[in-house]
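There are 2 protein chains.
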Amino acid sequence: MATAVNDSVVINEVGPRDGLQSQGKTLTPRERLELIQRLVNTGLRHVEAGSFVSPKAVPQMAGTDEVFHGLPSKDQVRYAALVPNMKGYELAVAAGARVVNVVLSVTETMNYENIRRTVDESAADFERILERASAEGVAGQAYLAVAFECPFEGPVNPEVVRHYAERMSAAGAGKIIIADTIGAANPTGVKAVLEAVSRVIPLSRVACHFHDTRGLALANVLASLNAGVREFDASIGGLGGCPFSPGATGNVATEDVALLLGSMGYDTGIDPQALVPVVRAVQSLTGTELGGKSFRWLSQQYDKQQGGGSNGR
Amino acid sequence: MATAVNDSVVINEVGPRDGLQSQGKTLTPRERLELIQRLVNTGLRHVEAGSFVSPKAVPQMAGTDEVFHGLPSKDQVRYAALVPNMKGYELAVAAGARVVNVVLSVTETMNYENIRRTVDESAADFERILERASAEGVAGQAYLAVAFECPFEGPVNPEVVRHYAERMSAAGAGKIIIADTIGAANPTGVKAVLEAVSRVIPLSRVACHFHDTRGLALANVLASLNAGVREFDASIGGLGGCPFSPGATGNVATEDVALLLGSMGYDTGIDPQALVPVVRAVQSLTGTELGGKSFRWLSQQYDKQQGGGSNGR
């Protein structure tokens, strides 16, 4: 029952960056642009298109400058680039990026394991990037990773998330993205973290990034919606992570988020069924079996509508 | 983050009836009792144990009287029997059932397709059963099927659900179970139906029954929880329906509901990991691939804890 709730929700597609960067197979910039074109064709208007990291560290993101130069429908789509440091920021801006993302892990062990710095040191680095972006008219956004639970330290105190959300916002981040990096969040924890963050930043400037490792991502999306969040990251077909099962450990699938939101009456601009051929194309491109929790059902519906026989009745 | 919410939620296991009745393989009463024993061993205290229907119509439920005579821990577990009519009611009570379920489809087409009667005629039949049960000290419960969407008639008006909930309650049903028979519900619709029903029955006497066909079951559980519902049907491993994919079209899986509720801090009395070997046992018994959305992750955790190597790291 699609009861109109008269409200729009943004789906931010992260497949071309967060999704692809952990894949065994590296796509060429041309293939990545093909993927992005398909995504944009479905109506997606927020896309994380790549990362300006060292190609030695992340070969999957090599040639992101080429991707940015070739991006389609730039006037209609908000493309973001991940930047790990000031050099990355400069490369991103030189390639035409107008939205840059920084990613801060909010627990010491996680941050140290990742980049051998304290959280405070990293926060200071990102503050400089966000301040410079502000000064240069570039939109800065800050991810707060392992915001609910850290694989090393366990549950994270919501006040810690609030603290860094406030710092990143003060440095110029227009948007704060609360990320459940390991897929360990639950609706009670989501509510607690969002309540803490909402004390320092309006939730209209907060997005959520969930992983579906334990099958709880859509429940967490619903908890965030109920709290007032109106933007969610998602990855086509659940692309990302190191899946041992289709869609099981990666990002929450774009089709799942689009179906949940659409069926609830939210306007996302995306027809979930239109994502079916894109998931299939990404499967071909990456050689990975993909598909979120709704994919089998959506595929059936899509094939029936196309008059295809295999899954129809 | 398991934040204590100081609240108990009942999981009603329907695998031995709703789950098994659609399986290609028919289990013997002895096998069904083995399954029930395993379920009870995990802490489940509400179990739908069988159905007193004609064995010609539903051979999978043949010998339900034998099952009821052999039920373990009868003093600790609330076992329910589905009864399609007065004859079924009498057989159930004769076999020792103290809780009987009737199932009313609330749309005309669905009810007619199923049993060639109008909804009103069926409602009257069930009223007689519920009244007799009340008089005889047997607990009567009423399912309202296709309560959100009907495969023939589309979305269902919440006022229709309210109407039949009120009738069944007035006839003596101590519990009303709102069932998303085809897995088409969404949180907006769930909220609307529960609001309508709560005007005539306290939600402490309402349970919800969701299918995970579109991957939205846990979001619907969360919406029901938020509305005040504290009892949910679930089926071990998602057993039930006619799955084309593990857990994809059947009942919401017990392990998924237990994980969601437990991680949110609700007390269900069930350790989700303890369900892993039971899912595996049911796979062996039925020859069906099973497992809810959390099953892969739970299996990894379980095997790691058991010291098993295959899924550990």
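Here the protein sequences come in this chain order: A and B. Mapped onto full-length UniProt numbering, the consecutive letters of the first sequence carry residue numbers 1 to 313. Mapped onto full-length UniProt numbering, the consecutive letters of the second sequence carry residue numbers 1 to 313. We put the CB at the ideal spot given by N, CA and C, even for glycine. Keep in mind that this is a model prediction, so the values were computed, not measured.
Return yes when the Cβ of residue j is within less than 7 Å of the Cβ of residue i, no when it is not.
i: L259(A); j: P187(B); result: no
i: R17(B); j: G50(B); result: yes
i: residue 314(B); j: A142(B); result: An answer regarding residue 314(B) cannot be provided, because it is not within the stretch 1 to 313 covered by chain B.
i: V257(B); j: F232(B); result: yes
i: K293(B); j: G215(A); result: yes
i: G189(B); j: F148(B); result: yes
i: V100(A); j: G137(A); result: no
i: V106(A); j: V47(A); result: no
i: L33(A); j: G63(A); result: no
i: A92(B); j: A81(B); result: yes
i: L239(B); j: L290(B); result: yes
i: E13(A); j: T254(A); result: yes
i: D65(B); j: A95(B); result: yes
i: N251(A); j: S235(A); result: yes
i: F152(A); j: M110(A); result: yes
i: D7(B); j: Y266(B); result: yes
i: T42(A); j: L275(A); result: yes
i: G172(B); j: S134(B); result: yes
i: G237(B); j: K25(B); result: no
i: H209(B); j: G183(B); result: no
i: K175(A); j: R132(A); result: no
i: A196(B); j: I177(B); result: no
How big is the Cα-Cα spacing for residue i and residue j?
i: V156(A); j: W297(B); result: 21 Å
i: E31(B); j: L285(B); result: 8 Å
i: G15(B); j: E166(A); result: 48 Å
i: V9(A); j: V229(A); result: 8 Å
i: A123(B); j: H163(B); result: 11 Å
i: S224(B); j: T213(A); result: 23 Å
i: V83(B); j: L27(B); result: 20 Å
i: D120(B); j: A145(A); result: 55 Å
i: N226(B); j: A192(B); result: 12 Å
i: S198(B); j: V278(A); result: 42 Å
i: T268(A); j: I11(A); result: 7 Å
i: K304(B); j: C150(A); result: 19 Å
i: V53(A); j: Q37(A); result: 23 Å
i: L203(A); j: M168(A); result: 15 Å
i: S299(B); j: G307(B); result: 12 Å
i: L20(A); j: V67(A); result: 13 Å
i: I129(A); j: S263(B); result: 37 Å
i: Y23(A); j: V282(A); result: Here the sequence assigns Gln to residue 23(A), which means Tyr is not the residue at that position. Going from the Cα of Q23(A) to the Cα of V282(A) covers about 12 Å.
i: T118(A); j: P72(A); result: 38 Å
i: C108(A); j: M61(A); result: Contrary to the premise, residue 108(A) reads as Glu rather than Cys in this sequence. Answer to the nearest angstrom: the Cα atoms are 26 Å apart.
i: L39(A); j: L194(A); result: 29 Å
i: P272(B); j: A170(B); result: 37 Å
i: Y112(B); j: I270(B); result: 39 Å
Ends of the alpha helix (DSSP H) at residue i?
i: E13(A); result: No alpha helix (DSSP H) contains E13(A), which is instead part of the beta strand (DSSP E) from 10 to 13.
i: S54(B); result: No alpha helix (DSSP H) holds S54(B); DSSP gives it neither H nor E.
i: S198(A); result: 187 to 198
i: Y302(B); result: 295 to 306
i: A281(B); result: 276 to 286
i: I36(B); result: 29 to 41
i: M264(A); result: 254 to 264
i: V67(A); result: 64 to 69
What does residue i reach in chain B if we use C-beta pairs closer than 7 Å?
i: G265(A); result: T188
i: D256(A); result: G215
Can you pull the chain A residues whose beta carbon is under 7 Å from the beta carbon of residue i, in chain order?
i: L194(B); result: Result: empty, since nearest Cβ-Cβ is about 13 Å, beyond 7 Å.
For residue i, go through chain A and note every residue whose CB falls closer than 9 Å to its CB, in chain order.
i: G292(B); result: G215
Could you please give the first and the last residue of the uninterrupted beta strand (DSSP E) stretch that includes residue i?
i: Y143(A); result: 139 to 145
Identify the contact partners of residue i in chain B, using a Cβ-Cβ distance below 9 Å as the criterion.
i: L259(A); result: N186, R214, G215, L216
Handout entry: Any alpha helix (DSSP H) of 4 or more consecutive residues that is wholly inside the segment 203 to 250 of chain A
Key = 217 to 227
Exercise for the section: Could I get the ranges of all uninterrupted alpha helix (DSSP H) runs contained in the segment 151 to 175 of chain B, with 4 residues as the minimum, in chain order? Expected result: 158 to 170
Problem - Runs of alpha helix (DSSP H) wholly within the segment 83 to 128 of chain A (minimum 4 residues, chain order) - result: 86 to 94, 108 to 115
Problem - chain D contacts made by the segment 207 to 234 of chain B, where a contact means CB separation under 8 Å - result: This model lacks chain D altogether, as its protein chains are A and B.
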